[in-house]
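So the sequence shown is numbered by the working numbering: it starts at -9 and just counts up by one. Some notes on the structure that comes next.
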Amino acid sequence: MTTNNRTPNGAYSLWSAVLADLQLQVTRPIFETWLKGTRGVSLDNEKITVEAASPFVVEALERRLFTIIESGLLRASGKELNITFVVKKIEAERRPFQKYKTTSPSFDSFVVGPSNKVAYTTTKIIANEPSDQPNLYLYSGPGLGKTHLMQAICEGVEEKRKTPVYVSAEEFTHDFVTSVQRGAESPMAFRQKYRSPDVLLIDDIQFFLGKKKTLEVFLSTISSRSQKKRSVVLAGDRPPSHFAALDTRLTSVLSGGLAVNISPPEKETINTIFQKTCQELNLNLSHTIERYIKDSFHGNIRALLGFLNTLLVFQKNQNTPVSLPVVKHLLGEIVGAPKNTNIQTLNPEEILTKTAESFGVSLSKLQGSSRDRQTSEARHAAMYLLRKKTSLTLREIGLLLGGRDHASVASAINKFNSKPISDNLLL
-9 MTTNNRTPNG AYSLWSAVLA DLQLQVTRPI FETWLKGTRG VSLDNEKITV
41 EAASPFVVEA LERRLFTIIE SGLLRASGKE LNITFVVKKI EAERRPFQKY
91 KTTSPSFDSF VVGPSNKVAY TTTKIIANEP SDQPNLYLYS GPGLGKTHLM
141 QAICEGVEEK RKTPVYVSAE EFTHDFVTSV QRGAESPMAF RQKYRSPDVL
191 LIDDIQFFLG KKKTLEVFLS TISSRSQKKR SVVLAGDRPP SHFAALDTRL
241 TSVLSGGLAV NISPPEKETI NTIFQKTCQE LNLNLSHTIE RYIKDSFHGN
291 IRALLGFLNT LLVFQKNQNT PVSLPVVKHL LGEIVGAPKN TNIQTLNPEE
341 ILTKTAESFG VSLSKLQGSS RDRQTSEARH AAMYLLRKKT SLTLREIGLL
391 LGGRDHASVA SAINKFNSKP ISDNLLL
């Protein structure tokens, strides 16, 4: 099948052919749960965009089914195409300044424990009194509540009839590049958007690393807001000191305000989150199933919640109660977790450190923009290992390694997948 038709109908037809192919390649539960209901929405010479019902479906498609989907796409199209998964849009347009869902997480829905109490208290103060607060930097591994708290701040600030702007570093970068390309009044609109709101919140700031011009604009924005005593809340995946080798100015900004770490949750906190989520989703699970699921995840709350939503989707699609064999099947074949083992067996930072040491490159080069052969090979190995040994999504892996997009990460993993690699690298 060729891809001459670049209209939405062309995307729909091509993706329908891919689905017909994949239906023969995967088990019925996998197809019914994850692939059925997806739809091709746009197509050009390089990329097809596919729409899915929810973020949880998108995450599963990207994280565990990407390789087999890519192969099916190649067979159906006859050429290599990039693929992007997006969540089906409910609203035609976003309201100005609203970068988060109207049903965004709140402080009331945040489960507080010893691991996140300081972060919770600090963010609530900013939401209640957004003026004259020092800059705040939240940092932690993936899935521990940074984004939840930032969205809760937005809700609290709006209740005070003030204006928040919440974006990812990737969105900030896109807005900046677009403003430069458009010229004329666009740069002024960019400055107005990011310098005028009462509270500016930027997530995943590690994405700025290696982007010199964008980083300069970001730092200038923070400086301008500080002079006007307008609050800034940032979030990232590492302590301020870990940015030092990459950019001392960024380290200075992060260290100059409040830097708060969110640690992996304690058992009691995990239990509370688990029970609360099951109640909200109307999931009735036996104690045996509950214990099996909780033992399969290691502190990554987002991955745990994602899996509970997976069970809900499966239950609705199959119209059958959740049993232990179903849970084991979904964990093993869909989530990809080894049975009776923790999904996240190693910390991402540990993988990056050991990979850098093994290939003889610095951690800053590995996470930066260097493209020499040795660094590129090390980076590809790190992507492969992060995919194999953690529950990180392709997008999260890309953010850890210089802000690369998920398509680049998937391509690197596929290339590296055929190379021999010893698990001794991780010892």
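We put the CB at the ideal spot given by N, CA and C, even for glycine. Treat the numbers as computed from the prediction; the structure is a model and nothing was measured.
Next item on the list: Mind reading off the beta-carbon distance from residue 139 to residue 197? Whole number of angstroms is fine, and I expect it under 8 Å.
Entry: Sequence index remark: in the sequence shown, residue 139 carries index 149 (1-based). Sequence index remark: in the sequence shown, residue 197 carries index 207 (1-based). Actually they are not in contact, since the Cβ atoms of residue 139 and residue 197 sit about 19 Å apart, beyond 8 Å.
Margin query: Helix, strand or coil for residue 261? Go by DSSP, reduced to three states.
Written below: Within the sequence shown, the letter at position 271 stands for residue 261. In the structure shown, residue 261 sits in a helix (DSSP, three-state: H, G or I).
Check: Between the C-alpha atoms of residue 282 and residue 134, what's the straight-line distance to the nearest angstrom?
Finding: Translated into the one-based positions of the sequence shown, residue 282 becomes position 292. Translated into the one-based positions of the sequence shown, residue 134 becomes position 144. Roughly 20 Å between the two C-alpha positions.
Next item on the list: For residue 83, count neighbouring C-beta atoms within 10 Å of its own C-beta (all shown protein chains included) and say buried if the count is 16 or more, exposed if not.
Entry: Here the question's residue 83 lines up with position 93 in the sequence shown. Reliability fails at residue 83, whose pLDDT of 38 lies under 50, so the model's placement of it is uncertain and no value is given.
Next item on the list: Using the Cα positions of residue 141 and residue 317, report the straight-line distance between them to the nearest angstrom.
Entry: In the sequence shown, counting from the first residue as 1, residue 141 sits at position 151. In the sequence shown, counting from the first residue as 1, residue 317 sits at position 327. Looking at the two C-alpha atoms, the distance is approximately 31 Å.
Check: Is the distance from the Cβ of residue 351 to the Cβ of residue 377 below 9 Å?
Finding: Here residue 351 refers to the residue found at position 361 when the sequence shown is read from its first residue. Here residue 377 refers to the residue found at position 387 when the sequence shown is read from its first residue. No, the Cβ-Cβ distance between residue 351 and residue 377 is not below 9 Å.
Notebook entry, point to check: Which same chain residues, not among the five before or five after residue 65, have their C-beta less than 7 Å away from its C-beta?
Noted result: Mapped onto the sequence shown, residue 65 falls at position 75. Within the same chain, residue 65 has close Cβ partners 11.
Check: How long is the line joining the alpha carbons of residue 304 and residue 227, rounded to whole angstroms?
Finding: Counted from its first residue, the sequence shown places residue 304 at position 314. Counted from its first residue, the sequence shown places residue 227 at position 237. Straight-line Cα distance between these residues: approximately 32 Å.
Item checked: Whole-angstrom distance between residue 155 and residue 173, CA atom to CA atom -> In the sequence shown, counting from the first residue as 1, residue 173 sits at position 183. In the sequence shown, counting from the first residue as 1, residue 155 sits at position 165. Going from the Cα of residue 173 to the Cα of residue 155 covers about 23 Å.
Check: What separation, rounded to the nearest whole angstrom, lies between the Cα atoms of residue 382 and residue 271?
Finding: Position 392 of the sequence shown, counted from the start, is the residue given in the question as residue 382. Position 281 of the sequence shown, counted from the start, is the residue given in the question as residue 271. Going by the C-alpha atoms only, they are around 24 Å apart.
Next item on the list: Please say whether residue 392 and residue 364 have beta carbons closer to each other than 9 Å?
Entry: Along the sequence shown, one-based indexing puts residue 364 at 374. Along the sequence shown, one-based indexing puts residue 392 at 402. No, the Cβ-Cβ distance between residue 364 and residue 392 is not below 9 Å.
Check: DSSP state of residue 362, grouped into three classes?
Finding: In the sequence shown, counting from the first residue as 1, residue 362 sits at position 372. It is coil, neither helix nor strand.
Check: In whole angstroms, what separates the C-alpha of residue 31 from that of residue 124?
Finding: Indexing the sequence shown from 1 puts residue 31 at position 41. Indexing the sequence shown from 1 puts residue 124 at position 134. The alpha-carbon atoms of residue 31 and residue 124 are separated by roughly 44 Å.
Note to self: Using a Cβ distance threshold of 8 Å, determine whether the segment 187 to 195 contacts the segment 145 to 161, with at least three qualifying pairs required.
What the structure shows: With contact defined as three or more Cβ pairs closer than 8 Å, the segment 187 to 195 and the segment 145 to 161 are in contact.
Check: How would you call residue 14, buried or exposed, if buried means at least 16 neighbouring beta carbons within 10 angstroms?
Finding: Counted from its first residue, the sequence shown places residue 14 at position 24. Exposed, by the Cβ-count rule.
Item checked: Selection from 58, 401, 28 that minimises the alpha carbon distance to residue 46 -> Your numbering for residue 46 matches position 56 in the sequence shown. Measuring C-alpha to C-alpha distances from residue 46 to each of 58, 401, 28 identifies 28 as the nearest.
Check: Heavy atom of the ligand ADP less than 8 Å from the Cβ of residue 56, yes or no?
Finding: No copy of the ligand ADP appears in this structure; indeed no ligand is present at all.
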